[in-house]
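**Q**
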Amino acid sequence: MSKSNYVSLYGTLIKDAVIKTNDKGNEYALFTLSVPQDGTKWCDYINCIAFGDTAAIVKNNPDQNTPFHVEGRIHTGSYQKNGRKYYTTDIVTEKIELVSEDE
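Residues 11 to 113 in the numbering used here are what the sequence shown spells out, letter by letter.
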């Protein structure tokens, strides 16, 4: 069975990852990847979240411009702030790998 909500991205961290701990004491990582658009000088900035072992990879390789290959799924959500509703789109990371500069 194929996954209908599947994303594969190659990009670099554009800022330091934020490592947080949930109520159960488990760490997770919030980070943003700069993903080049094919054939252009432009990039998309993709917000990602990683849990467990994938969060540990981000935590242990926190340098900006670190190249990663991320696989996961798109997750949408919303939250209220100051009486206004904001919508979010993130990649929930299921697999993450460091990429060598040669790839």
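Beta carbons: idealized from backbone N, C-alpha and C, even for Gly.
None of the values given here were measured: they were computed from a predicted structure.
Whose C-beta lies closer than 6 angstroms to the C-beta of P46 among residues of the same chain, with five residues either side of it excluded?
**A** C53
**Q** Which runs of the alpha helix (DSSP H) spanning at least 4 residues fall entirely within the region 14-71, listed in chain order?
**A** 62-70
**Q** Relative to the alpha-carbon of K69, which residue among T50, T86, G21 and L108 has its alpha-carbon at the smallest distance?
**A** Measuring from the Cα of K69, the nearest candidate turns out to be L108.
**Q** Please state whether DSSP places D73 in a helix, a strand or coil.
**A** Residue state for D73 is assigned as coil, using DSSP reduced to three classes.
**Q** Buried or exposed: T86, going by 16 or more other Cβ atoms within 10 Å of its Cβ?
**A** exposed
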